[in-house]
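The structure appears right after this line, and notes come after that.
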Amino acid sequence: MTYEYRFSGTLPEDSSTYIKRAADDNLYKSLKAGKFCYVLNSRQTGKSSLRVQTMRRLQKDGIICVSIDLSMFDTYCSSPEQWYADIIDTLVQRADLDFDLDAWWDEQKNISPIRLFSKFIEKVLLQQIHQKIVIFIDEIDSILSLKFPCDDFFAFIRGCYNLRADNPIYNRLTFCLLGVATPRDLIADIKRTPFNIGQAIELTPFSLEEVTSSSLIKGLLGKVENPKAVLEEIWYWTNGQPFITQKLCNLIVNHLSDNSEILEEDKVSQIIHNQIIDNWEYQDEPQHLKTIRDRILNNDCSASRLLGIYQGILQNGEIARNRSSEQVELCLSGLVIKCNGSLKIYNRIYKSIFNLSWVDKQLASLRPYSESFNRWLTSGYKDESRLLRGQALEDALNWSKNKNLSIIDYKFLAESQEYENKEFKEAGKKGKKLLQQAKKQANRQIKFGALISVLLIIASVFFTHSLRQDRKRLLAINDIQSSANTALRLFDFQQIEALSDAIRIADKSQKRVKDTSSENYLNSSTISTLNYILDNIKERNQLKHQDNNEQVTSVNISPNRKYIVTASTDNTAKIWNLSGNEIATLEHEQKVNKASFSPNSEYVVTASVDGTAKIWDLYGHEIATLQHDKDYNVSRAIFSPDSQRIITLSYKGEYDYEATYKITFWNSQNYEKISSLEFQQNKDRKFKVIDAVFTPQKRLVIVTASEKGIVQLLDEQGKLIQELIGHEKGVINIAFSPDSPDGQLIATASIDNTVRLWKWEPNDKLNDKENNLIQVLKGHTGYVNDVSFSSDGQLIATTSNDNTIRLWKKDDNQTLYASEEVLRGHKTWVYGVVFAPDDKQILTASADNTARIWELSSEKKANILQETDIQSKVFTVAFSPDKKLIATGSADGKVRLWNNQNGKWIKYREWKVEEYSVYSVIFSPDGKQIATGSRDGKVRLWNLEGELIKVLHGHEEWESVESVAFSPDGKQIVSGSRDGTARLWNKNGKPIAILKGHKDWVQSVAFSPDGNYILTGSRDNTARLWNKNGKFIKELKRHENWVQSVVFSPDGQQILTGDRNGIIRLWDRNGRFIQTLEGYQYSIKDIAFSPNGQLIATASYDGTVRLWNRKGNLMLQELSGHGERVNSIAFSPDSKQIVTGSHDGTARLWSVVSLEQLINDGCIWLKDYFVTNPEELKRLEVCHQYIKRNVK
């Protein structure tokens, strides 16, 4: 029987070529447990085949499964009625229901299609079927082509999940969505709550093991010499992409049938080029590669940006994943894939087809200025004659509007604008000079004709000046915005350069606002950019040797953390202080391999290709030369921990083939040789000596490694004490972890692109090699050159030929390490890495002729006060009047108090309010009491020790108290409840009044600053104004959805109300409508005025907090970091900080900073960089004042 590979369409459930993945069990178990799931991925990755297999397994368990393929429906001509009728008809047929759809449909009058569908599910489907039901909705991206909104459909699916709490019948119903989309695509209306339920099922590529152990090998048996090796070669090219893996297997089998030859694995590459890569557009049947291409190019507005991002991946191997809409779209194209916090090209076939030449060609066809752009690019960004100006620039800027362009495009347009502005200034100077000359001539000649000439010249100059001023105003916003975007995107690859550009742009913005009406807009763009960069920047400084064509081979920091030493191929090592001031240059006759400090930080030892190791003091004075035998290259030199010895590693011969290695011990007092060990590498013993290191127990270990990846650890006498087997290729470096209760680890860095962690057994015996390996760290795409542990063992840093540094952090169980962060900035291979003694920095050395310093502390980021289980949502936050305390209330029924200790907010007290959620917490004006509102319908008063003072009864039991507020004098309390009332109490808890009138939950309450008015907001879509005695004054009616937040301005003259549609309305203190504030896109959960009245903060369902100007019509800053919706926000009394509480289980503290403060912070961050790069300080004149102000 002929084995058939199936690579097109959905595989039947009995297909022998189906390969099981982790997603199979994840989806099956999740749906069986009743979880709503979605499998959202690019095309031809096996989503529908996964559905078929999962349905078969669930049906065996007695679960009813129904599949609806939306691509089978008419998306162009359907009305909502017809479309929903088609869905119901499909459910009736496939669930085999006894139901007359036509008669039932005719009976329904004046009911919307979505309501009919809801009625069918509850009254028909769930009544006739009593087992569990799973409805699979496949090809959900087809719904995006409908001529009517489909938000209701997915909102209904979400509603089925939410109804489980109220109607147990819905516990039997589960949905699974499959398609090429994201959850955010499912509900497009930004004013509605996003599609935020369900479990994402990750559909990963086939692993090498899954491919080689699958039934795919059957089709190759007897046709190729080594079926497993051929499959490995196929996987090497496809990276397990399901469609193209199966297609390639089929192509190979067909090739063999036509050629009658035994295929070896090295012929696979030839078949791939001949039948897939070469002339790919013609050979792409069934269509796959063209689908990827079209997904990227079909949208004119986003194509440039997608190509720009992809270009960055091609050039750098990967980029950091930031979940932007453009990155998500690129993933959905199938061209790139998520991997360890980064985006990489999916496989080598795609990389060969969609290469840099292809990208350049597509970008050129999109740009209206491609000829000028390409010539400017060819000049290395230096040929200013190629920059746009005049009408060409204006046309390009108009074309760029509403498009997401590449970083280089934005740079080109920004420099064109800057160059044209420079020309304007020069033209203005010439005009003035001409005017002066004309005046002189007029005075001399006193002739009418000359006077007319003068007048014409004056008119011409002023007219031209006026036009240019108007043009400058029109270009200002585009200039600043595009420049800010360029800096932001540059930050992914060059952090310091991006910060420098952002400061320059901010300074330009500040200067321009003096003569434009765009002040807030310009400041908003630059504030957002600078704030993001300063929150995320890690790169602190760059230390460069003089010759740019050389390489920095190593970097080290002194134990006292005062000095840095770098070694270079320019035949020198250099000593620097921490600010980057060069202290001394240490010269050798040939390149310097390594340099390191003595334990007392007073000396440096250098190792060189010239056959010497030299000892130096910190002033660059040579103290001694350790001369090695002729023709030996000294690759390492270190001091012993007790400073009594110096140990050097040297070799003679070809390092990778036959060589002689020597470990030499020297007396550090008289610098005489003590002894040496010699190791011979040859064809019989293929181990080379790669290092000699001291363990934390001060024991010397000699490290040897073979080209096959075996590492042998030897003692000082050359005796084998441990062997590490597991790497696939040679090992380059090794590191020992510090002591820990769980034992010590060894980390090995290899040219197989991995780091492996092993258990270190410092005993004089050979350990069981099978039990040593603990973990493999994968993520680098090039040789891993170095590895280093932090002093506490919590972090590992690795460097690679992929130009990146990776940080790995111990997990919560303190057993394994997970990828924490990827640092980019080096332009080529990164050689060495070392932690500073306090673990706050790492230093790296690179072939780009720099050593770089990176900050690891996260003091700049928002201070996370509360990190709890995701179920413990933080519903409410508040500052105390003296700013010394923050209170949070959570879903776990607890109030927590935090105080500021040495700049950090530390939890110092918590107490249980009830078994249920705390929805509101507020300090009394004197800061001595706290009032809480909770799920059980009670208001409680507490002292700061957490002792209960009083329980305020009155609201209906178990109708949650949603909001509580004190009057400014502290004599009254108002509370709002789900019982539809607000209640007024005195400070002792005695009821004063019941505020009745709302027809639904009262979600927000507030007192006016003078205490004379009360404001309430409700789910009945209204806000109401009352006097301080609870007497109704006025209803504020213009909202069309729940009013979720109400607030008075600090001066009491204005009212803001925010609703679930994202609409914010402004009223005067008497409740007269003034205006609707534009620019809000997401549901508003909370609003706050800053106490100084200058800012408005809004908390949103999209997980962000936005700061607006005091008029509320311009966003100044966006604070992102929460993973789910933000429930509550509060300003500190001095308006300088904001605390937020979120559904993601965290409370966060943010700083509110001005543009001037951000420029100051940026300049101070670059302070050391200016020492090593003084020309940059000249370019950033704005930083001069800030550096002088902050440096004593």
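The working numbering puts the sequence shown at residues 21 to 1212. Positions of the beta carbon are idealized from the N, C-alpha and C atoms, including for glycine. These figures come from a predicted structure and were not determined experimentally.
Tell me whether residue i sits in a helix, a strand or coil according to DSSP, three-state version.
i: Gln1074; result: strand
i: Asp637; result: strand
i: Val144; result: helix
i: Gln1023; result: strand
i: Phe174; result: helix
i: Asn394; result: helix
i: Gly1031; result: coil
i: Tyr552; result: helix
i: Ile890; result: Here Ile890 scores only 44 on pLDDT, less than 50, and its place in the model should not be relied on; the value that follows carries that caveat. In the structure shown, Ile890 sits in coil (DSSP, three-state: anything other than H, G, I, E or B).
i: Tyr58; result: strand
i: Phe468; result: Residue placement at Phe468 is poorly supported in this model, since its pLDDT is 46, which falls under 50; the coordinates still yield a value, given next. Helix at Phe468.
i: Ser538; result: Below a pLDDT of 50, predicted positions are generally treated as unreliable, and Ser538, at 45, falls in that range; the measurement from the model is reported next regardless. Three-state DSSP puts Ser538 in coil, outside helix and strand.
i: Asp1079; result: strand
i: Gln64; result: coil
i: Leu408; result: coil
i: Ala856; result: coil
i: Ser324; result: helix
i: Val1191; result: helix
i: Asn418; result: helix
i: Phe93; result: coil
i: Leu836; result: coil
Need the endpoints of the beta strand (DSSP E) that residue i sits in, please.
i: Pro1011; result: 1011-1015
i: Lys80; result: Not the beta strand (DSSP E): Lys80 falls in the alpha helix (DSSP H), residues 67-80.
i: Gln1095; result: 1093-1097
i: Phe943; result: 938-943
i: Gln1064; result: 1063-1068
Return the CA-CA distance between residue i and residue j, expressed in angstroms with no decimal places.
i: Trp849; j: Asn336; result: 11 Å
i: Gly1253; j: Ala1167; result: Outside the displayed range of the chain (21 to 1212) lies residue 1253, so it cannot be described from this structure.
i: Phe895; j: Ser1174; result: 28 Å
i: Glu781; j: Asp832; result: 24 Å
i: Phe263; j: Asp45; result: 21 Å
i: Ile66; j: Gln307; result: Per the sequence shown, the amino acid found at residue 66 is Gly instead of Ile. About 15 Å.
i: Gly996; j: Ile141; result: 36 Å
i: Leu90; j: Arg63; result: 15 Å
i: Phe176; j: Gly239; result: 46 Å
i: Glu252; j: Lys243; result: 16 Å
i: Lys970; j: Ala1013; result: 18 Å
i: Leu193; j: Asp172; result: 18 Å
i: Asn1193; j: Val915; result: 51 Å
i: Ser616; j: Val288; result: 48 Å
i: Thr952; j: Glu935; result: 14 Å
i: Ser486; j: Glu1201; result: Annotation note: pLDDT 49 at Ser486 (below 50); position unreliable, no value reported.
Answer yes or no: does any C-beta atom of chain D fall closer than 8 Å to that of residue i?
i: Asn1061; result: Absence of chain D from the displayed structure is noted, only one protein chain being present.
Mind reading off the beta-carbon distance from residue i to residue j? Whole number of angstroms is fine, and I expect it under 8 Å.
i: Tyr851; j: Thr573; result: 6 Å
i: Gly361; j: Ser839; result: 6 Å
i: Thr632; j: Thr645; result: 5 Å
Could you tell me the boundaries of the alpha helix (DSSP H) in which residue i lies?
i: Cys351; result: 345-353
i: Leu317; result: 309-317
i: Arg776; result: Looking at the DSSP string, Arg776 is not in any alpha helix (DSSP H); the run it does join, the beta strand (DSSP E), is 774-780.
i: Arg204; result: 203-206
i: Asp1106; result: First-last for Asp1106: 1104-1109, but that is the beta strand (DSSP E), not the alpha helix (DSSP H).
i: Arg368; result: 368-373
i: Glu1195; result: 1194-1199
i: Asn46; result: 42-52
Point to revise | Sequence ranges, alpha helix (DSSP H) only - wholly within the segment 646-713, length at least 4 | key: none
Point to revise | Every unbroken beta strand (DSSP E) within the segment 1122-1187, with a cutoff of 3 residues, ordered by chain | key: 1124-1129, 1135-1140, 1146-1151, 1157-1162, 1166-1171
Review point. Which runs of the beta strand (DSSP E) spanning at least 3 residues fall entirely within the segment 921-998, listed in chain order?
Key: 924-932, 938-943, 949-954, 959-963, 968-972, 981-986, 992-997
Review point. Which residue spans inside the segment 589-646 form an unbroken beta strand (DSSP E) run of at least 3?
Key: 592-597, 602-607, 612-617, 623-628, 632-637
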